[in-house]
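To get the numbering used here, take the position in the sequence shown, counting from 1, and add 83.
As structure tokens, the structure follows; a few thoughts come after it.
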Amino acid sequence: MPSERFQFKGEGGHQLAATLDLPDRAPIAYALFAHCFTCGKDVLAAKRIAVALAAKGIAVLRFDFTGLGSSEGDFANSTFSSNVADLVHAADHLRETRKAPAILIGHSLGGAAMLAAAEKIPEALGVVTIAAPSDPNHVTGLFKDRLEDIRANGRAEVSLAGRPFPITREFLDDVAEHELMRHIAHLRKALLVMHAPTDDTVGIENATRIFLAAKHPKSFVSLDDADHLLTIRRDATYVADVIAAWASRYLEPAGPAATLNLGEVPRHVVVRETRESKFQQTIAVGPHQLLADEPIAAGGEDSGPGPYDFLLAALGACTSMTMRLYAERKALPLDRVTVTLAHSKIHAEDCAECETKIGLLDQIDRVIGIEGALDTEQRKRLMEIADKCPVHRTLTSEVRILTRPAD
């Protein structure tokens, strides 16, 4: 996926480093992502979720909070309130340069900050929290053995995720003052709460409190055994898949490009490596975005169907559509078609009707289920029509593939 790197001015006047992950086509929506406490915009979870959402047509802005990553400023001078303000500035920047974010996504303390910032981003239609605390003061539990030193001396260095960070008394006072439950109760936006029951950094009870405080529409999705930072790729991919599906209920189609026009087919199919794993690819077909991969057993991450899966899907979809068109033309009482397919290699000598007699051949097994009050002749005719679908004809005819280097 293409991405743009730039800076925008944060709450303290510092330049904050940002990345905008973009789809290969016009975005159907923009999202704003807030990372976890002391993390940065390039933490694995943030990057993987953003790239996966971009592959589905949703552009994602992620940035480093003050004093983190490539952003200017001193982390010691930042507070929960300044993080909330930086999120609002990020949304303002999107509004001025592109389009205001429709989806707000926050991971860990970033989720709490996003809940607090949401009311100041009126265009946002939905908020997603991932492993978020229900009270920003929860973060002080990560360095509870240093709280007395911070209170007494005004500042102390604490170790978080193996790295030293300065925490001030002002930070403690600030997180203690926030009434996040009030923000949640008055959210007036769709809410998706995602949390792992086994999260040992932010307990699942936090998700319960957030969910109960919110008004409908609200949804909860369990992340099963995912760790707090979503370090396993398939967990981050799953989160992105769920967010995209959930958000589609609230997003308006992005103009004519979001509408399938059969008169425009065939369309170009663009396949590009994501470089997020060994085999993962993005597939752009007009307004549609897909992921392709190989199974884990073949060295992939299983983040999407494999090449042969898409081949079988094309044949199955074409088969069903062709049968449906015939049934409508002939006014047949066809209720539903289900096509189940499998690909395998067979020995040529085992195929009596095949011209090739040596070596291995590709075989596709296609099982067609036909539902409806059809008589025997009607069912027989529909099965004959199945072999007339265009993809079937392509696969069983001579195919010429011309390959040339890109300009």
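Every residue gets a Cβ at the ideal spot worked out from N, C-alpha and C, and that includes glycine.
Closest residue to PRO219 among PHE120, THR102, ILE453, ALA159 (Cα-Cα distance): PHE120
Cross-strand partners of THR486 (DSSP beta bridge): DSSP output for THR486 lists no bridge partner at all.
Three-way DSSP call (helix, strand, coil) for PHE163 in this model: helix
Segments assigned alpha helix (DSSP H), at least 4 residues, entirely inside the stretch 363-422: 390-412
Residue burial classification, SER242 (beta-carbon count within 10 angstroms, cutoff 16): exposed
Residue ranges of each beta strand (DSSP E) within the stretch 188-268, 3 or longer: 209-213, 238-243, 246-251
Completely contained alpha helix (DSSP H) runs for the stretch 123-148, where each covers 4 or more residues: 127-138
Local conformation of ASP433 per DSSP, three classes: helix
Cβ-based burial, GLU384 [other Cβ within 10 Å; buried from 16]: buried
Buried/exposed call for CYS434, threshold 16 Cβ in 10 Å: exposed
Selected residue, minimal CA-CA separation from ILE441, among ARG449, ILE447, ALA431: ALA431
Extent of the continuous beta strand (DSSP E) to which ILE453 belongs: 443-455
Cα-Cα separation, GLU436 to LEU394: 23 Å
Supposed contact pair ASN289 and HIS221 - C-beta distance, whole angstroms, cut 8 Å: 7 Å
Whole-angstrom distance between ASP169 and LEU275, CA atom to CA atom: 22 Å
Inter-residue spacing [alpha-carbon to alpha-carbon] between GLU262 and ALA268: 11 Å
Residue from ALA112, PRO110, VAL126, ASP107 with nearest C-alpha to ALA101: VAL126
Extent of the continuous alpha helix (DSSP H) to which VAL304 belongs: Note, VAL304: premise wrong, no alpha helix (DSSP H); beta strand (DSSP E) at 301-305.
Sheet register partners of ALA296 (DSSP bridge): Bridge partners of ALA296: none, in fact.
Bridge-paired residues (DSSP) for HIS278: SER305
Burial state of ASN344 (16 or more Cβ within 10 Å): Confidence at ASN344 is low in this model, with a pLDDT of 32, below 50, so the placement of that residue is unreliable and no value is reported for it.
For GLU467, three-class secondary structure by DSSP: helix
Pairwise C-alpha distance: PRO247 and ALA159: 11 Å
Distance between beta carbons of ALA185 and ALA207, contact taken as under 8 Å: 6 Å
SER386 vs LEU374 beta-carbon contact at 7 Å: yes
Member of LEU136, THR405, VAL322 whose CA lies at the smallest distance from the CA of ALA279: VAL322
Minimum Cβ-Cβ distance from TYR113 to chain C less than 7 Å: Absent here is chain C; the protein component of the structure consists of one chain.
From PHE362, HIS311, HIS371, residue whose alpha carbon lies closest to that of ILE111: HIS371
Three-state secondary structure (DSSP) of ASP283: coil
Extent of the continuous beta strand (DSSP E) run through ASP104: 98-104
Any 3 or more C-beta pairs closer than 8 Å across the stretch 208-215 and the stretch 84-92: no
Range covered by the beta strand (DSSP E) that runs through ALA109: Segment: none, ALA109 is in no beta strand (DSSP E) and carries neither H nor E.
C-beta contact flag for LEU151 and GLY123 at 7 Å: yes
According to DSSP, residues forming a beta bridge with HIS426: ILE447
Cβ separation of HIS97 and SER164, assumed to be a contact under 8 Å, to the nearest whole Å: Their Cβ separation, rounded to whole angstroms, is 15 Å, which puts HIS97 and SER164 out of contact at 8 Å.
C-alpha gap between GLU347 and VAL353, whole angstroms: Unreliable positioning characterises GLU347 in this predicted model, as indicated by a pLDDT of 40, which lies under 50. The coordinate reading is nonetheless provided below. Their Cα atoms are separated by approximately 16 Å.
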